[in-house]
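Only one structure is covered here, and it is reproduced in the block below.
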Amino acid sequence: MSLVRIQNIMGSELSKRVFLSRPPEPPHEYLLNDPTDSIFIGTTKVFGVPFTWTFATLTNPHLAVVGITGAGKSFFVKTFLLRASYIWNTNAIIIDWAGEYKGWVKQSGGTVISLSKGDYINIMDLSGMKPIDRSKQIMNSLDILTDIGDYPEQRRLTAEAIEQAYVNSGFALSQIPESNADAPTLKEVTTLLEEKLQEGSYEYPAELENALYRLRQFTREGEDYFAKKSTIDIGKLASSGLVSLDLSSLPDERFRALAAMFILQTLKEKMRSTGWSGTKGLRAIVVLDEAWKVASDDRSDAITIVREGRKYQFGLIVASQNPTDVNEAIFSNVGTTVMLRIRFEKFMNYLQGSLNFSNFIRTEIGKFGVGQAAFDMSFHSAVQFPDVFLLERIVGEEPLDVYTISIAEILTPGELDDQSIQKEYYLERIDLNSKLIESGINPEVIAAIFKELDKKERIADIRDLVRIMIGRGINRDVIVGFLRGIKIVDALITRIFSYIG
Ligand SMILES: Nc1ncnc2c1ncn2[C@@H]1O[C@H](COP(=O)(O)OP(=O)(O)OP(=O)(O)O)[C@@H](O)[C@H]1O
Ligand SMILES: [Mg+2]
11 MSLVRIQNIM GSELSKRVFL SRPPEPPHEY LLNDPTDSIF IGTTKVFGVP
61 FTWTFATLTN PHLAVVGITG AGKSFFVKTF LLRASYIWNT NAIIIDWAGE
111 YKGWVKQSGG TVISLSKGDY INIMDLSGMK PIDRSKQIMN SLDILTDIGD
161 YPEQRRLTAE AIEQAYVNSG FALSQIPESN ADAPTLKEVT TLLEEKLQEG
211 SYEYPAELEN ALYRLRQFTR EGEDYFAKKS TIDIGKLASS GLVSLDLSSL
261 PDERFRALAA MFILQTLKEK MRSTGWSGTK GLRAIVVLDE AWKVASDDRS
311 DAITIVREGR KYQFGLIVAS QNPTDVNEAI FSNVGTTVML RIRFEKFMNY
361 LQGSLNFSNF IRTEIGKFGV GQAAFDMSFH SAVQFPDVFL LERIVGEEPL
411 DVYTISIAEI LTPGELDDQS IQKEYYLERI DLNSKLIESG INPEVIAAIF
461 KELDKKERIA DIRDLVRIMI GRGINRDVIV GFLRGIKIVD ALITRIFSYI
511 G
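Counting in the numbering used here, the sequence shown runs from 11 upward without gaps.
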């Protein structure tokens, strides 16, 4: 027997032994759970065991999902939410920063709430809270989003005016109101500050002016998304099936963060006041996708939900390209971390450092294709196996090819407010394709159009769509025919062209 062969035999013996003492996957009783009480995710890479997720054996129901753009974070979230709703009837609230869920939510029979496209939130709504508590929350949001914390006098004036607005509207500060109606808005708060300024008796008018200036950012005509009567009942969000709050058309990150924080505050209160239900599985899941400002701040209610969620069967999913954007208190406390493809060494080091997985796993993560994943789970009881394991791939629901065409950008503020005017058109790929063909657009241009749309998460501003067509030499009559075909009225068609020039 040659030396080489002996070495071979020893090598494989050795690896077998390592294998037996340190299995690369949790035992199947941890992976394969009761199918009527768990969510199928995919099969494991080494032993091909079907992995179904339940939080019964985990420290808590929350998930962090990390991976580079295109790795499959949103795909995983969608799959997870759909199955949770089949299995447990779980409600879901997606705080949709980039608007990438709305087409899918519509298609799945859920509700899309588009802030700035006709839907408003009054951040002074009480939804069963005491005015004094809501006032504190509003101040907390202002602390996170503005520099008000640096100016104690302005902060005091603002807080006082908020409370005064409640009192003027007939609320007792420390009482839970009987009805949700007639909460004041931030406009009433600014009016109070203006009146105080005009009275002229206050010692430091500059402080008042600055406090006013800061609040006016949120009450200016056209940017008063949170300073009008609500068009939605936020208190009911956690029990309304699948809901996405599309924040993508708000003008900037500050507005998005304010909306997200308000929703989280309200959901947290709902969670606490509803109590434990004792039913199977999860009652509601809140999704924060790329909402880094909200997921990273120490004062965010995302952290409260992570700390207290388990006992209320309330789960949080945080998805991010950058794991260091997720607050430590969230990251180190989630029961499940889903690692998709990671590219940056810096992020890999962070993950390996906090989750403590082997270099073997590290190398595998570095080689992942779309949908391949490593799972880290924190089990209740101390376990004798590595808790990070690989999945062949996340097995999803068939991707739904829904395209969203938005006309909101060409509507007037009045039209945006009008609930009867459609702001977005949702078309399945097949429908859109046949509408384009019927209008007489040639296949090459159609392919180019789909390519553009796919690059933009299947969402298009109508003007961009028309620009692509014009750029490809499609004549105006053909384009008009297409726009009529998707049911846009002539007056708006004229306007679209006038915007393009
Ligand atoms: N497990 C999977 N099986 C099949 N297709 C997948 C899978 N995961 C992702 N995809 C497809 O890959 C594309 C990118 O996925 P996805 O949008 O989920 O990426 P992402 O990580 O959310 O990216 P971003 O950070 O840009 O939002 C989508 O078209 C999606 O349908
Ligand atoms: Mg995504």
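Ideal Cβ placement from N, Cα and C applies to all residues, glycine included.
field: Alpha-carbon spacing of K88 relative to K146, whole angstroms
entry: 34 angstroms
- request: Can you have a look at Y436 and say buried or exposed, based on whether 16 or more other CB atoms are within 10 angstroms of its CB?
  value: buried
- prompt: Starting from I510 and walking both ways along the alpha helix (DSSP H), at which residues does that stretch end?
  reply: D500 to I510
field: C-beta atoms of A470 and S416 nearer than 9 angstroms
entry: yes
- prompt: Should S249 go down as buried or exposed, given a rule of 16 or more other Cβ atoms within 10 Å for buried?
  reply: exposed
field: Cα-Cα separation, S444 to S430
entry: C-alpha of S444 to C-alpha of S430: approximately 27 angstroms in a straight line.
- request: Please report the residue range of the beta strand (DSSP E) in which D106 lies.
  value: For D106, the enclosing beta strand (DSSP E) covers residues N101 to D106.
field: Alpha-carbon to alpha-carbon, G381 and G82
entry: 5 angstroms
- prompt: Would you say the segment 386-394 touches the segment 62-77, given that touching needs at least three Cβ pairs under 8 angstroms?
  reply: yes
- request: State the start and end residues of the unbroken beta strand (DSSP E) segment that holds T284.
  value: Not the beta strand (DSSP E): T284 falls in the alpha helix (DSSP H), residues E263 to T284.
field: Complete runs of the alpha helix (DSSP H) confined to the segment 151-237 [at least 4 residues]
entry: 162-178, 196-209 and 215-226
- request: Note down, in chain order, each residue of its chain lying with its Cβ closer than 6 angstroms to the Cβ of A301, except the 5 sequence neighbours on either side.
  value: I105, W107 and A270
- prompt: Is there at least one non-hydrogen atom of ligand 1 closer than 8 angstroms to the beta-carbon of S126?
  reply: no
field: When G138, L167 and V348 are compared against E205, the one with the closest alpha-carbon
entry: L167
message: Rounding to the nearest angstrom, what Cα-Cα distance links R226 and D157 in this structure?
response: Whole-angstrom Cα-Cα distance: 14 angstroms.
- prompt: Can you give the Cα-Cα distance for K461 and I451, rounded to whole angstroms?
  reply: CA-CA distance, K461 to I451, rounds to 15 angstroms.
message: ligand 2 and E5: does the residue's C-beta get closer than 8 angstroms to at least one heavy atom of that ligand?
response: As displayed, the chain neither begins before 11 nor continues past 511, which places residue 5 out of reach and without an answer.
- prompt: Is DSSP giving E454 helix, strand or coil here?
  reply: helix
Per-residue DSSP class, three states only, for D386: Three-state result, D386: strand.
- request: Evaluate K465 with the Cβ neighbour count: other Cβ atoms within 10 Å of its Cβ, from every protein chain shown; 16 or more gives buried, anything less gives exposed.
  value: exposed
- request: Using only alpha-carbon positions, find the residue among I480, V296, N101 and N132 that is nearest to G10.
  value: The first residue shown for the chain is 11 and the last is 511, placing residue 10 beyond what the model contains.
query: Looking at N190 and G138, is the spacing between their C-beta atoms short of 9 angstroms?
result: The Cβ atoms of G138 and N190 sit closer than 9 angstroms to each other.
task: Determine the closest residue to M149 out of Y130, I172 and F61, with distance taken between C-alpha atoms.
output: I172
query: For the candidate residues P215, R230 and K238, whose alpha-carbon lies nearest to that of T195?
result: K238
message: Suppose contacts are defined by Cβ-Cβ distances below 9 angstroms. Is L298 in contact with Q323 by that definition?
response: no
- request: State the CB to CB distance for the pair L400 and T79, rounded to an integer number of angstroms; the pair is presumed to be in contact (CB under 8 angstroms).
  value: So it is not a contact: roughly 21 angstroms between Cβ atoms.
message: Among I484, I295 and L218, whose alpha-carbon lies nearest the alpha-carbon of L202?
response: L218
- request: Check each candidate in P141, P215 and Q208 and name the one with the smallest Cα separation from G180.
  value: When each option's Cα is compared against that of G180, the closest is P141.
Neighbourhood of I103 by C-beta distance below 6 angstroms, restricted to the same chain and skipping five residues each side: Non-local C-beta neighbours of I103 in its own chain, meaning closer than 6 angstroms and more than five positions away in sequence, comprise L247, V253 and V296, ordered along the chain.
query: So what does W63 bridge to, in DSSP terms?
result: Looking at the DSSP assignment, W63 forms a beta bridge with I49.
message: If I measure Cβ to Cβ from T314 and keep anything under 6 angstroms in the same chain, skipping five residues before and after, which residues do I get?
response: K278
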